[in-house]
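Keeping their order, the protein sequence lines are chains A and B. Quick note, in our numbering, the first sequence goes up one by one and the last residue is 311. Quick note, in our numbering, the second sequence goes up one by one and the last residue is 311. Below is one structure, written out as structure tokens; comments come after it.
There are 2 protein chains.
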Amino acid sequence: MDEFELIRRFFDRKGEMPGVVVGVGDDGAVLAPDDAKQQVQVIDTLVESVHFPADTNPADIGYRAVAVNLSDIAAMGAEPRWMTLALTLVDSSENWIDSFASGLFEAAGQYDVALIGGDTTSGPVVTVTVTLTGDIEPGAALLRSGAKPGDAIFVTGTLGDAAAGLKLLQVGASDDFLAQRFLRPTPRINTGRALVGTANAAIDISDGLAGDLAKLLNASDVGGEIDIDKLPLSESLREYFVAEERHHLALCGGDDYELCFTAPIESVTDIAEITCIGSVTKARGLRCKRDGDIVVVDNSGYRHFQ
Amino acid sequence: MDEFELIRRFFDRKGEMPGVVVGVGDDGAVLAPDDAKQQVQVIDTLVESVHFPADTNPADIGYRAVAVNLSDIAAMGAEPRWMTLALTLVDSSENWIDSFASGLFEAAGQYDVALIGGDTTSGPVVTVTVTLTGDIEPGAALLRSGAKPGDAIFVTGTLGDAAAGLKLLQVGASDDFLAQRFLRPTPRINTGRALVGTANAAIDISDGLAGDLAKLLNASDVGGEIDIDKLPLSESLREYFVAEERHHLALCGGDDYELCFTAPIESVTDIAEITCIGSVTKARGLRCKRDGDIVVVDNSGYRHFQ
């Protein structure tokens, strides 16, 4: 099976795709964006053995490649529209590709994202790059740079689960809930949309809360104080890990793909599954409190090339 | 140097970028597309040792990653606007990245393309994925599917040079012209723009003329006949390769990134550097003539996973 046959068989799904004039199969896709909207464009790459274990179920890889990009779209407050896929494969086992495509289209289908084009290549490890384009009301995008002293700091969902899930997978243990939190993160599209007009700044938590919140605070030229005892933790995390470890996972563990945002506390009403964990300060830097004392966070999150 | 520092230092270039509301540095870019236009979006990946030799000058890799995408934009007749970059690196040698970025921005600058975002990751080989978005008058995109019986078939520039250049590089020989044709292809943006309203169908030649023209003819539900003696060949190609070999390179060699298009012959005026090589027929299939006889083309171009 060559690359053209591969694309035809697994990735060229006809169907209702609003705004897509020409999809997969030409030199490029042709799109009719909504005139009244601005666009948000994001890109994320997953590399085998770096971002996922080599033996990961291909359906989970496909799902995750879309979900991590959707998470960036959510952090901007945008509505996802279409995506392109660059897929580097080691071989072309039909079962593998079929499974990968099923996960990819499962995530895309859940959030009404159309696959409009792509490129398949061969290489030494599986590498998946997805570019996702969304749209948003002009001037409404949630940036990292708008946090104001006095804002409350919120996070969605629970923290540390994905890093915990990966940790268990790596030692051959498994907890279904934690594993799923790593393999199939939930992009917070609806929350992102609800935050438009409410949040002053937002970021998605991909490299760990401490590191990502620090980026938001730096971009906004402010600081912040968070209370470690307020971090939302799942039952599974509490069950498998002792207090020190779960706090570390919640603060520094990557791959949660929850949102962290700041907003005047009184403006945040009717938004489900969020927790206030601290507040924005005029003084720069991120301070973490525990039992009323400031503690040092010794790892600012997972960074490549350190 | 971590990935955030890397992005700041090498890829975050401020400056006039029409339509770019927020560029590199947030969860996503925010764009204000031209209301009166449709968009064209393309994506292409280059993998070390697959698409370029491992010892290629990083500036050439950066240049080429942009140029091959621009070629797809040209084949659609669109005007390039902005791009995103997914860069997988093996290590983070500053010299390498600096050189890569210089080539990337050189190509981008020549065609007024803004880099709006990206993702850097680590992996076992250098992998570069660029997504490029252009715009075009509504309904004007040049598709592969519009060729009509009686159309003349044209190509831009000369054919086979890139494959010849790569061949020489691989055996340790070198001809400056041919090497440059491989390393720094010329995207035919101006020609693509000039073909809007004139050409009935277009494709860029990335996998070899025979294979790519066959794709265009199949998409249009027609056939074609080309005259091998009419294929435009460079002086360098004639100098280094005997007739059989240069015909093979011109028909089946990849990476030229010239355009192939079909149009009524009388409608094509004032377009520089093009050659008529044959015509579109109602009968399906691609026939190649030489000295008046039909010859078999034994390799339909370079395909992955064969």
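Don't be surprised by glycine CBs; every beta carbon is placed ideally from N, CA and C. Please read all numbers here as calculations on a predicted model, not as lab measurements.
Which residues bound the alpha helix (DSSP H) around residue i?
i, result
"Pro-23 (chain A)", "Run containing Pro-23 (chain A): none; DSSP gives neither H nor E here."
"Ala-79 (chain A)", "63-80"
"Gly-33 (chain A)", "Looking at the DSSP string, Gly-33 (chain A) is not in any alpha helix (DSSP H), and its letter there is neither H nor E."
"Glu-250 (chain A)", "248-257"
"Phe-266 (chain B)", "Where Phe-266 (chain B) is concerned, there is no enclosing alpha helix (DSSP H), although the beta strand (DSSP E) it sits in stretches over 263-268."
"Gly-165 (chain B)", "No alpha helix (DSSP H) holds Gly-165 (chain B); DSSP gives it neither H nor E."
"Phe-1 (chain B)", "Since the first residue of chain B shown is 6 and the last is 311, residue 1 (chain B) is not available in this structure."
"Phe-320 (chain A)", "Nothing in the structure corresponds to residue 320 (chain A), since chain A is present only between 6 and 311."
"Ala-184 (chain A)", "181-188"
Which whole-angstrom value describes the C-beta separation of residue i and residue j, a residue pair presumed to lie in contact below a C-beta threshold of 8 Å?
i, j, result
"Gly-233 (chain B)", "Val-300 (chain B)", "A quick correction: the sequence has Ile, not Gly, at residue 233 (chain B). Contact flag correct, Cβ pair sits at about 7 Å."
"Leu-291 (chain B)", "Ala-80 (chain B)", "That pair is no contact at about 18 Å."
"Ile-231 (chain A)", "Cys-293 (chain A)", "6 Å"
"Leu-11 (chain B)", "Thr-125 (chain B)", "6 Å"
"Ala-219 (chain A)", "Arg-149 (chain A)", "11 Å between Cβ atoms; not a contact."
"Asp-313 (chain A)", "Val-52 (chain A)", "Limits of chain A in this structure are 6 at one end and 311 at the other, which puts residue 313 (chain A) out of reach."
"Leu-94 (chain B)", "Val-131 (chain B)", "6 Å"
"Val-43 (chain B)", "Asp-140 (chain B)", "Reading off the sequence, residue 43 (chain B) comes out as Gln, not Val. Contact holds; Cβ gap of about 7 Å."
"Phe-182 (chain A)", "Ser-241 (chain A)", "5 Å"
"Gly-24 (chain A)", "Ala-41 (chain A)", "Going by Cβ atoms, the distance from Gly-24 (chain A) to Ala-41 (chain A) rounds to 13 Å, so no, they are not a contact pair."
"Pro-63 (chain A)", "Gly-108 (chain A)", "7 Å"
"Thr-134 (chain B)", "Thr-50 (chain B)", "4 Å"
Could you work out which residue in the options is closest to residue i when comparing CA atoms only?
i, options, result
"Ile-282 (chain A)", "A:Thr-161, A:Val-131, A:Ile-121 and A:Asp-103", "A:Thr-161"
"Ser-76 (chain B)", "B:Gly-24, B:Asp-103 and B:Ile-48", "B:Ile-48"
"Cys-257 (chain A)", "A:Gly-67, A:Ala-168, A:Tyr-68 and A:Pro-85", "A:Ala-168"
"Gly-30 (chain B)", "A:Asp-217, A:Gly-228 and A:Val-247", "A:Asp-217"
"Asp-65 (chain A)", "A:Pro-269, A:Thr-191, A:Leu-254 and A:Val-25", "A:Thr-191"
"Asp-180 (chain B)", "B:Gln-115, B:Phe-246 and B:Phe-159", "B:Phe-246"
"Tyr-116 (chain B)", "B:Glu-142, B:Gly-151 and B:Tyr-68", "B:Tyr-68"
"Phe-57 (chain A)", "A:Ser-239, A:Lys-172, A:Ser-104 and A:Ile-208", "A:Lys-172"
"Gly-202 (chain B)", "B:Val-55, B:Gly-82 and B:Glu-21", "B:Gly-82"
"Asn-74 (chain B)", "B:Gln-46, B:Val-273 and B:Asp-39", "B:Gln-46"
"Arg-14 (chain B)", "B:Ala-199, B:Phe-159 and B:Asn-100", "B:Asn-100"
"Gly-229 (chain B)", "B:Pro-237, B:Leu-214 and B:Leu-242", "B:Leu-214"
"Ile-279 (chain B)", "B:Glu-271, B:Lys-287, B:Phe-266 and B:Ala-288", "B:Phe-266"
"Gly-170 (chain A)", "A:Ala-113, A:Glu-8, A:Arg-243 and A:Ile-78", "A:Arg-243"
"Ala-113 (chain B)", "B:Glu-84, B:Thr-274 and B:Ala-268", "B:Glu-84"
"Phe-9 (chain B)", "A:Asp-226, A:Phe-9, A:Glu-111 and A:Asp-212", "A:Asp-212"
"Ser-272 (chain A)", "A:Asp-7, A:Asn-205, A:Ala-255 and A:Tyr-262", "A:Asn-205"
"Thr-196 (chain A)", "A:Leu-147, A:Pro-237, A:Asp-40 and A:Ala-184", "A:Leu-147"
"Val-26 (chain A)", "B:Val-133, B:Gly-123, B:Gly-144 and B:Asn-62", "B:Gly-144"
"Gly-151 (chain A)", "A:Phe-105, A:Leu-221 and A:Thr-138", "A:Leu-221"
"Lys-235 (chain B)", "B:Val-71, B:Thr-163, B:Ser-98 and B:Val-118", "B:Thr-163"
"Phe-105 (chain A)", "A:Thr-136, A:Ala-70, A:Tyr-262 and A:Val-118", "A:Ala-70"
"Lys-19 (chain B)", "B:Ala-288, B:Phe-110 and B:Ala-178", "B:Phe-110"
"Gly-165 (chain A)", "A:Val-55, A:Val-35, A:Glu-250 and A:Asp-275", "A:Glu-250"
What does residue i touch in chain A if you count any residue whose Cβ is under 9 Å from its own?
i, result
"Ile-208 (chain B)", "Asp-31 and Asp-32"
"Asp-17 (chain B)", "Within 9 Å Cβ-Cβ: nothing; Asp-17 (chain B) doesn't reach chain A, min ~12 Å."
"Gln-43 (chain B)", "Val-26, Val-35, Leu-36, Ala-37 and Pro-38"
Find the residues of chain B that neighbour residue i, judging by a C-beta separation of less than 7 Å, and give them in chain order.
i, result
"Pro-129 (chain A)", "Pro-129 and Val-130"
"Val-55 (chain A)", "Thr-126, Ser-127 and Gly-128"
Could you work out which residues of chain A lie near residue i, taking near to mean beta carbons separated by less than 7 Å?
i, result
"Gln-46 (chain B)", "Gly-33, Ala-34, Leu-36, Thr-89, Ile-121 and Gly-122"
"Asp-40 (chain B)", "Asp-40"
"Thr-136 (chain B)", "Ile-48, Thr-89 and Thr-136"
Could you tell me which chain A residues have their CB closer than 8 Å to the CB of residue i, listed as they occur along the chain?
i, result
"Val-27 (chain B)", "Ala-146 and Leu-148"
Could you give the residue range of the beta strand (DSSP E) that holds residue i?
i, result
"Leu-120 (chain B)", "119-127"
"Thr-89 (chain B)", "84-94"
"Leu-291 (chain A)", "290-295"
"Thr-196 (chain A)", "Not the beta strand (DSSP E): Thr-196 (chain A) falls in the alpha helix (DSSP H), residues 194-200."
"Phe-110 (chain B)", "Premise fails: Phe-110 (chain B) lies in the alpha helix (DSSP H), 99-115, not in any beta strand (DSSP E)."
"Ala-215 (chain B)", "Premise fails: Ala-215 (chain B) lies in the alpha helix (DSSP H), 214-225, not in any beta strand (DSSP E)."
"Ala-204 (chain A)", "From DSSP, Ala-204 (chain A) is part of no beta strand (DSSP E); its letter is neither H nor E."
"Leu-242 (chain A)", "Careful: Leu-242 (chain A) lies outside any beta strand (DSSP E), inside the alpha helix (DSSP H) at 240-245."
"Glu-5 (chain A)", "Coverage of chain A is limited to positions 6 through 311, which leaves residue 5 (chain A) absent and any answer about it impossible."
"Ile-299 (chain B)", "298-300"
"Leu-137 (chain A)", "132-141"
Which chain B residues are close to residue i, counting only those with a beta carbon under 9 Å from its beta carbon?
i, result
"Val-227 (chain A)", "In chain order: nothing, as chain B lies at least about 16 Å away."
"Val-52 (chain A)", "Thr-93, Thr-126, Ser-127, Gly-128, Pro-129 and Thr-132"
From the beta carbon of residue i, is the nearest beta carbon of chain D less than 9 Å away?
i, result
"Gly-177 (chain B)", "Given the protein chain composition of this structure (A and B), no chain D is represented."
Anything in the stretch 105-127 of chain B with a Cβ closer than 9 Å to a Cβ of chain A? List those residues in chain order, please.
Ile-121, Gly-122, Gly-123, Asp-124, Thr-125, Thr-126 and Ser-127
If you measure beta-carbon to beta-carbon, which residues of the stretch 59-88 of chain B are closer than 7 Å to chain A?
Asp-77, Ile-78, Ala-80 and Met-81
Using a beta-carbon distance cut-off of less than 7 Å, what residues from the stretch 190-209 of chain B approach chain A?
Ile-208 and Asp-209
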